[in-house]
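**Student:**
In the numbering used here, the protein residues as written are 1422 to 1671.
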(Lines of atoms letter the chains of each structure in order from A and count residues from 1; the text may use other names and numbers.)
(Lines give C-alpha, C1' and ligand atoms only; values in the text may rest on other atoms or scores of the structure.)
Protein backbone atom coordinates (compact mmCIF):
# COMPACT_ATOMS: atom_id res chain seq x y z
CA UNK A 1 0.00 0.00 0.00
CA UNK A 2 1.32 3.49 -0.88
CA UNK A 3 0.46 6.92 0.43
CA UNK A 4 -1.06 9.73 -1.65
CA UNK A 5 2.35 11.43 -1.61
CA UNK A 6 4.01 8.34 -3.01
CA UNK A 7 1.41 8.23 -5.76
CA UNK A 8 1.38 11.88 -6.78
CA UNK A 9 5.07 12.78 -6.66
CA UNK A 10 6.18 10.64 -9.62
CA UNK A 11 3.14 11.74 -11.62
CA UNK A 12 3.95 15.40 -10.94
CA UNK A 13 7.56 14.88 -12.00
CA UNK A 14 6.44 13.08 -15.16
CA UNK A 15 4.01 15.87 -15.97
CA UNK A 16 6.76 18.47 -15.53
CA UNK A 17 9.18 16.50 -17.70
CA UNK A 18 6.49 16.03 -20.34
CA UNK A 19 5.73 19.75 -20.35
CA UNK A 20 9.42 20.61 -20.73
CA UNK A 21 9.75 18.14 -23.59
CA UNK A 22 6.67 19.60 -25.26
CA UNK A 23 8.00 23.15 -24.93
CA UNK A 24 11.33 22.12 -26.42
CA UNK A 25 9.62 20.33 -29.28
CA UNK A 26 7.46 23.38 -30.07
CA UNK A 27 10.47 25.70 -30.03
CA UNK A 28 12.66 23.49 -32.18
CA UNK A 29 10.17 22.28 -34.76
CA UNK A 30 8.40 25.62 -35.06
CA UNK A 31 11.49 27.60 -36.09
CA UNK A 32 11.93 28.70 -39.70
CA UNK A 33 15.15 30.50 -38.81
CA UNK A 34 17.60 29.82 -35.98
CA UNK A 35 19.80 32.62 -34.64
CA UNK A 36 22.88 31.23 -32.93
CA UNK A 37 25.10 32.88 -30.40
CA UNK A 38 28.66 31.85 -31.18
CA UNK A 39 30.88 31.49 -28.11
CA UNK A 40 29.10 28.87 -26.03
CA UNK A 41 26.44 27.17 -28.14
CA UNK A 42 28.77 26.57 -31.12
CA UNK A 43 32.19 26.43 -29.45
CA UNK A 44 34.22 27.43 -26.43
CA UNK A 45 36.34 30.04 -28.13
CA UNK A 46 38.80 30.50 -25.28
CA UNK A 47 39.02 26.84 -24.23
CA UNK A 48 42.70 26.63 -25.07
CA UNK A 49 43.54 30.33 -24.97
CA UNK A 50 42.54 31.80 -21.63
CA UNK A 51 39.98 34.61 -21.70
CA UNK A 52 41.35 35.71 -18.31
CA UNK A 53 44.81 36.10 -19.82
CA UNK A 54 43.41 38.05 -22.77
CA UNK A 55 41.50 40.36 -20.44
CA UNK A 56 44.55 40.83 -18.25
CA UNK A 57 46.69 41.79 -21.23
CA UNK A 58 44.05 44.30 -22.34
CA UNK A 59 44.03 45.83 -18.86
CA UNK A 60 47.85 46.02 -18.99
CA UNK A 61 47.64 47.73 -22.38
CA UNK A 62 45.28 50.36 -20.96
CA UNK A 63 47.65 50.86 -18.04
CA UNK A 64 50.49 51.36 -20.53
CA UNK A 65 48.43 54.14 -22.09
CA UNK A 66 47.96 55.71 -18.66
CA UNK A 67 44.27 54.87 -18.78
CA UNK A 68 43.83 52.15 -16.19
CA UNK A 69 41.56 54.49 -14.21
CA UNK A 70 38.96 54.09 -16.95
CA UNK A 71 38.09 50.78 -15.32
CA UNK A 72 36.35 50.21 -12.02
CA UNK A 73 38.11 48.18 -9.35
CA UNK A 74 35.86 45.20 -10.13
CA UNK A 75 36.67 45.42 -13.85
CA UNK A 76 40.38 45.48 -13.06
CA UNK A 77 40.33 42.57 -10.62
CA UNK A 78 37.85 40.28 -12.43
CA UNK A 79 38.25 41.32 -16.03
CA UNK A 80 36.17 39.95 -18.90
CA UNK A 81 37.22 40.91 -22.46
CA UNK A 82 33.75 41.96 -23.60
CA UNK A 83 32.96 43.76 -20.34
CA UNK A 84 36.20 45.71 -20.75
CA UNK A 85 35.30 46.60 -24.32
CA UNK A 86 31.89 47.88 -23.21
CA UNK A 87 33.47 49.90 -20.41
CA UNK A 88 35.98 51.58 -22.72
CA UNK A 89 33.28 52.37 -25.25
CA UNK A 90 30.90 53.84 -22.65
CA UNK A 91 33.61 56.15 -21.34
CA UNK A 92 35.14 57.01 -24.74
CA UNK A 93 32.27 56.45 -27.16
CA UNK A 94 33.21 56.33 -30.88
CA UNK A 95 36.81 57.25 -30.06
CA UNK A 96 40.07 56.06 -31.60
CA UNK A 97 40.79 54.43 -28.24
CA UNK A 98 37.63 52.32 -28.42
CA UNK A 99 38.36 51.36 -32.03
CA UNK A 100 41.92 50.29 -31.20
CA UNK A 101 40.74 48.36 -28.14
CA UNK A 102 38.19 46.52 -30.30
CA UNK A 103 40.83 45.66 -32.89
CA UNK A 104 43.15 44.31 -30.20
CA UNK A 105 40.33 42.13 -28.86
CA UNK A 106 39.59 40.88 -32.37
CA UNK A 107 43.23 39.86 -32.83
CA UNK A 108 43.12 37.95 -29.54
CA UNK A 109 39.89 36.20 -30.60
CA UNK A 110 41.50 35.22 -33.90
CA UNK A 111 44.47 33.74 -32.03
CA UNK A 112 42.02 31.65 -29.99
CA UNK A 113 40.30 30.07 -33.01
CA UNK A 114 42.79 27.19 -33.59
CA UNK A 115 42.34 25.93 -30.01
CA UNK A 116 38.59 26.52 -29.70
CA UNK A 117 36.59 23.47 -28.58
CA UNK A 118 33.48 22.60 -30.60
CA UNK A 119 30.37 22.33 -28.44
CA UNK A 120 29.16 18.73 -28.30
CA UNK A 121 26.51 18.00 -30.97
CA UNK A 122 26.70 21.54 -32.38
CA UNK A 123 28.23 20.55 -35.73
CA UNK A 124 25.70 17.80 -36.60
CA UNK A 125 22.83 19.94 -35.30
CA UNK A 126 23.87 22.82 -37.56
CA UNK A 127 24.18 20.52 -40.56
CA UNK A 128 20.84 18.84 -39.85
CA UNK A 129 18.94 22.11 -39.47
CA UNK A 130 20.55 23.38 -42.66
CA UNK A 131 19.70 20.19 -44.56
CA UNK A 132 16.07 20.54 -43.46
CA UNK A 133 15.92 23.98 -45.07
CA UNK A 134 15.89 25.98 -41.84
CA UNK A 135 17.70 29.30 -42.21
CA UNK A 136 20.71 29.80 -39.92
CA UNK A 137 22.40 32.98 -38.77
CA UNK A 138 25.05 33.96 -36.25
CA UNK A 139 24.13 36.77 -33.85
CA UNK A 140 27.10 37.38 -31.58
CA UNK A 141 29.20 39.93 -29.73
CA UNK A 142 32.33 38.33 -31.18
CA UNK A 143 33.99 39.65 -34.31
CA UNK A 144 32.42 38.30 -37.52
CA UNK A 145 35.98 37.73 -38.80
CA UNK A 146 36.50 35.29 -35.94
CA UNK A 147 33.18 33.55 -36.58
CA UNK A 148 33.92 33.17 -40.28
CA UNK A 149 37.38 31.70 -39.63
CA UNK A 150 36.08 29.17 -37.12
CA UNK A 151 33.11 28.06 -39.24
CA UNK A 152 35.29 27.72 -42.34
CA UNK A 153 37.68 25.50 -40.42
CA UNK A 154 34.80 23.22 -39.39
CA UNK A 155 33.27 23.11 -42.87
CA UNK A 156 30.17 24.94 -41.58
CA UNK A 157 30.45 28.35 -43.21
CA UNK A 158 28.07 27.50 -46.07
CA UNK A 159 25.37 26.64 -43.52
CA UNK A 160 25.34 30.28 -42.35
CA UNK A 161 26.86 32.57 -44.98
CA UNK A 162 26.19 35.37 -45.59
CA UNK A 163 24.25 35.70 -42.34
CA UNK A 164 27.04 36.41 -39.86
CA UNK A 165 26.05 39.32 -37.63
CA UNK A 166 28.75 40.12 -35.11
CA UNK A 167 30.47 43.04 -33.48
CA UNK A 168 30.61 46.28 -35.45
CA UNK A 169 32.20 49.66 -34.75
CA UNK A 170 28.89 50.67 -33.15
CA UNK A 171 29.86 49.04 -29.87
CA UNK A 172 26.83 50.36 -28.01
CA UNK A 173 24.74 47.98 -30.15
CA UNK A 174 26.23 44.81 -28.69
CA UNK A 175 23.81 42.42 -27.02
CA UNK A 176 21.71 42.80 -24.90
CA UNK A 177 20.73 45.32 -27.57
CA UNK A 178 18.75 43.33 -30.18
CA UNK A 179 20.51 45.03 -33.12
CA UNK A 180 22.25 41.94 -34.52
CA UNK A 181 19.09 39.84 -34.13
CA UNK A 182 17.01 42.46 -35.94
CA UNK A 183 19.59 42.62 -38.74
CA UNK A 184 19.36 38.86 -39.19
CA UNK A 185 15.55 38.81 -39.17
CA UNK A 186 15.36 41.65 -41.67
CA UNK A 187 17.91 40.12 -44.03
CA UNK A 188 16.23 36.71 -43.92
CA UNK A 189 12.70 38.06 -44.22
CA UNK A 190 11.33 36.22 -41.19
CA UNK A 191 8.97 37.45 -38.50
CA UNK A 192 10.39 37.24 -34.96
CA UNK A 193 7.78 34.71 -33.85
CA UNK A 194 8.96 32.25 -36.53
CA UNK A 195 12.59 32.41 -35.39
CA UNK A 196 14.51 30.87 -32.50
CA UNK A 197 17.51 32.22 -30.62
CA UNK A 198 20.00 29.73 -29.14
CA UNK A 199 22.11 31.42 -26.50
CA UNK A 200 23.95 30.80 -23.25
CA UNK A 201 23.89 34.16 -21.49
CA UNK A 202 21.42 36.59 -19.98
CA UNK A 203 22.43 39.15 -22.63
CA UNK A 204 21.29 36.65 -25.29
CA UNK A 205 17.99 36.17 -23.45
CA UNK A 206 17.42 39.92 -23.09
CA UNK A 207 18.22 40.56 -26.76
CA UNK A 208 15.83 37.81 -27.82
CA UNK A 209 13.06 39.24 -25.65
CA UNK A 210 13.56 42.74 -27.05
CA UNK A 211 13.49 41.37 -30.59
CA UNK A 212 10.40 39.26 -29.87
CA UNK A 213 12.23 36.01 -30.68
CA UNK A 214 11.59 32.74 -28.79
CA UNK A 215 14.63 31.67 -26.78
CA UNK A 216 16.33 28.34 -26.14
CA UNK A 217 18.90 28.50 -23.39
CA UNK A 218 22.05 26.39 -23.48
CA UNK A 219 23.62 25.89 -20.07
CA UNK A 220 26.45 23.37 -20.25
CA UNK A 221 26.61 23.13 -16.46
CA UNK A 222 24.24 23.65 -13.52
CA UNK A 223 25.57 27.13 -12.76
CA UNK A 224 24.99 28.43 -16.30
CA UNK A 225 21.57 26.80 -16.50
CA UNK A 226 20.54 28.24 -13.13
CA UNK A 227 21.54 31.76 -14.18
CA UNK A 228 19.42 31.49 -17.33
CA UNK A 229 16.43 30.08 -15.47
CA UNK A 230 16.62 32.76 -12.78
CA UNK A 231 16.67 35.38 -15.55
CA UNK A 232 13.41 33.94 -16.87
CA UNK A 233 14.44 31.48 -19.58
CA UNK A 234 11.56 29.02 -19.82
CA UNK A 235 13.44 26.32 -21.74
CA UNK A 236 17.07 25.47 -20.99
CA UNK A 237 19.05 22.41 -22.11
CA UNK A 238 22.34 21.12 -20.71
CA UNK A 239 23.22 19.49 -24.03
CA UNK A 240 22.28 20.00 -27.67
CA UNK A 241 21.71 16.26 -28.06
CA UNK A 242 17.94 16.35 -27.32
CA UNK A 243 17.54 19.10 -29.93
CA UNK A 244 19.33 16.97 -32.50
CA UNK A 245 17.22 13.91 -31.59
CA UNK A 246 14.06 15.96 -32.07
CA UNK A 247 15.10 16.87 -35.60
CA UNK A 248 16.07 13.32 -36.46
CA UNK A 249 12.75 12.07 -35.11
CA UNK A 250 10.81 14.61 -37.11
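By construction, the Cβ of each residue, glycine as well, lies at the ideal position given by its N, Cα and C atoms.
For a quick check, are the C-beta atoms of residue 1489 and residue 1480 less than 8 Å apart?
**Tutor:** As a position in the chain shown, residue 1489 is number 68, starting the count at 1. As a position in the chain shown, residue 1480 is number 59, starting the count at 1. Yes, they are a contact pair.
**Student:** Which runs of the alpha helix (DSSP H) spanning at least 4 residues fall entirely within the region 1625-1658, listed in chain order?
**Tutor:** Complete alpha helix (DSSP H) runs here, min 4: 1643-1651.
**Student:** What is the residue span of the beta strand (DSSP E) that residue 1560 lies within?
**Tutor:** By 1-based counting over the chain shown, the position of residue 1560 is 139. Start and end: 1556-1560.
**Student:** Is the beta carbon of residue 1584 less than 8 Å from the beta carbon of residue 1616?
**Tutor:** Mapped onto the chain shown, residue 1584 falls at position 163. Mapped onto the chain shown, residue 1616 falls at position 195. No, the Cβ-Cβ distance between residue 1584 and residue 1616 is not below 8 Å.
**Student:** Quick check on this structure: which residue in 1588, 1667, 1633, 1556 has the alpha carbon closest to the alpha carbon of residue 1567?
**Tutor:** The count along the chain shown starts at 1 and reaches residue 1567 at position 146. Among 1588, 1667, 1633, 1556, the Cα nearest to that of residue 1567 belongs to 1588.
**Student:** Could you have a look at residue 1465 and say whether DSSP puts it in helix, strand or coil?
**Tutor:** Within the chain shown, the letter at position 44 stands for residue 1465. Strand.
**Student:** Grab me the residues of residue 1516's own chain with a C-beta within less than 6 Å of its C-beta, minus the 5 sequence neighbours each way, in chain order.
**Tutor:** Taking the chain shown and counting its residues from 1, one reaches residue 1516 at position 95. Hits under 6 Å: none found.
**Student:** With a 10 Å radius around its C-beta and 16 neighbouring C-beta atoms as the bar for buried, classify residue 1573 as buried or exposed.
**Tutor:** In the chain shown, the residue the question calls residue 1573 occupies position 152. Exposed.
**Student:** Is the Cβ-Cβ distance between residue 1538 and residue 1468 less than 8 Å?
**Tutor:** As a working mapping, residue 1538 is identified with position 117 in the chain shown. As a working mapping, residue 1468 is identified with position 47 in the chain shown. Contact: yes.
**Student:** From residue 1428 to residue 1633, what distance separates their C-alpha atoms?
**Tutor:** Within the chain shown, residue 1428 is the residue found at index 7, counting from 1. Within the chain shown, residue 1633 is the residue found at index 212, counting from 1. Confidence is the limiting factor: at residue 1428 the pLDDT is only 47, short of 50, which leaves the residue's position unreliable and the question unanswerable from this model.
**Student:** On the CB-based measure, 16 or more other CB atoms within 10 Å of its CB, does residue 1647 come out buried or exposed?
**Tutor:** In the chain shown, counting from the first residue as 1, residue 1647 sits at position 226. Exposed.
**Student:** Alpha carbon to alpha carbon, how far is residue 1507 from residue 1600?
**Tutor:** For this step, residue 1507 is matched to residue 86 along the chain shown. For this step, residue 1600 is matched to residue 179 along the chain shown. Between residue 1507 and residue 1600, the C-alpha separation is close to 15 Å.
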